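Here is the structure we will look at.
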Amino acid sequence: MNLSQLGALALMNMMGVITPGPDIFLVTRFATRSRRHALAGTAGILTGLLFWSSVTVLGAAALLNAYPSLLGLIQVAGGAWLLWMGQGMLRSGLDQLRTPNLIIVDAEEVFGTIWQAYRQGVITNLSNPKVVLYFAALIAPLLPPSPGVVAAVLAVATIIVTAGVLFTIISLVISTKAMRNMFLKAGPWVDLGAGVFFLIAGSVLIFAGVSELLG
1 MNLSQLGALA LMNMMGVITP GPDIFLVTRF ATRSRRHALA GTAGILTGLL FWSSVTVLGA
61 AALLNAYPSL LGLIQVAGGA WLLWMGQGML RSGLDQLRTP NLIIVDAEEV FGTIWQAYRQ
121 GVITNLSNPK VVLYFAALIA PLLPPSPGVV AAVLAVATII VTAGVLFTII SLVISTKAMR
181 NMFLKAGPWV DLGAGVFFLI AGSVLIFAGV SELLG
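Heads up: the sequence shown runs through residues 1 to 215, numbered per full-length UniProt numbering.
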């Protein structure tokens, strides 16, 4: 891969990262109360991206296209996870509405431990196997049918580095005092909005998975 190809891959991947989705909603929610949790969630998302981009280079897209039932099963499982996450966020938001004077002094009261934030990042990113098809569309035009190790590593590294930089910037900016105060003024609406988004995303993913399973 030459520099222009890597640059094109980096640019397209950055556009995908900043598109609203479960990953960016999760990091934003973490960052409104805890920079450490946001960075842990980012690390988890990058772990998921490392897995998806690696298996894409190894030909997983062809496997999922050949066996749509496998894609469907993963989508149903991923959708169920997003639904579970969404209902938890909704409950958190509703609790804050019922007790408007509630002061949360510790982010772990809302998000759990740093390890739990990392794990949520991993599973949230892994919840949608169609990421493989997305990466295949990005990478396939840039790689030969049987790419060498160097080309494959460069492609995966470009995806991880660009995503890591953007998610880290989001985590650091939103977790600044001024931004956190702005988001905290919104109070429960941040959790409610994220919860609704996760419920919709989970429902869409389950519907897509069931459709794949039913043929």
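Backbone N, C-alpha and C fix where the C-beta goes; we use that ideal spot for every residue, glycine too. Values in this document were obtained by computation on a predicted structure and should not be read as measured data.
Query, Result
"Along the chain, where does the alpha helix (DSSP H) that runs through Gly121 open and close?", "Ile114 to Leu126"
"If you draw a straight line from the C-alpha of Phe51 to the C-alpha of Gly88, how long is it?", "26 Å"
"With C-beta atoms as the reference, is Val57 less than 8 Å away from Ala152?", "yes"
"Can Gly215 and Gly79 be called in contact, C-beta distance under 8 Å?", "no"
"Going by alpha carbons, who is nearest to Ile45 out of Ala66, Ile200, Pro22 and Arg180?", "Pro22"
"In chain order, what residues of the same chain have a beta carbon less than 6 Å from the beta carbon of Ser175, not counting five sequence neighbours either side?", "Ala31, Arg35 and Ala38"
"Quick one, are the C-beta atoms of Ala40 and Tyr134 less than 8 Å apart?", "no"
"Does the beta-carbon of Phe207 have 16 or more other beta-carbons within 10 angstroms, so that it is buried, or is it exposed?", "exposed"
"Could you compute how far the alpha carbon of Pro20 sits from the alpha carbon of Thr28?", "11 Å"
"Could you check whether the region 65 to 81 touches the region 120 to 134, counting it as contact only if at least three pairs of C-beta atoms, one from each stretch, sit closer than 8 Å?", "yes"
"Ignore the nearest five residues each way along the sequence and tell me which others in Ser54's own chain have a CB closer than 7 Å to its CB.", "Val156"
"Using the C-alpha atoms, what's the distance from Val204 back to Val173?", "30 Å"
"Taking 8 Å as the cut-off, decide whether the C-beta atoms of Pro188 and Gly86 are in contact.", "no"
"Just how far apart, CA to CA, sit Gln96 and Phe198?", "19 Å"
"Leaving out five residues on either side along the sequence, give the residues of the same chain with a beta carbon under 7 Å from the beta carbon of Ile114.", "Arg36, His37 and Ala40"
"Look at the Cβ atom of Thr42, then the Cβ atom of Gly112, and state whether they are nearer than 8 Å.", "no"
"With distances taken from CA atoms, which of Leu82, Val149, Val110 and Gly48 is nearest Ile160?", "Gly48"
"Looking only at its own chain, which residues have a Cβ that is under 6 Å from the Cβ of Ala163, when we skip the five neighbours before and after it?", "Val17 and Leu49"
"I need the straight-line Cα distance from Thr99 to Ile139, nearest angstrom please.", "49 Å"
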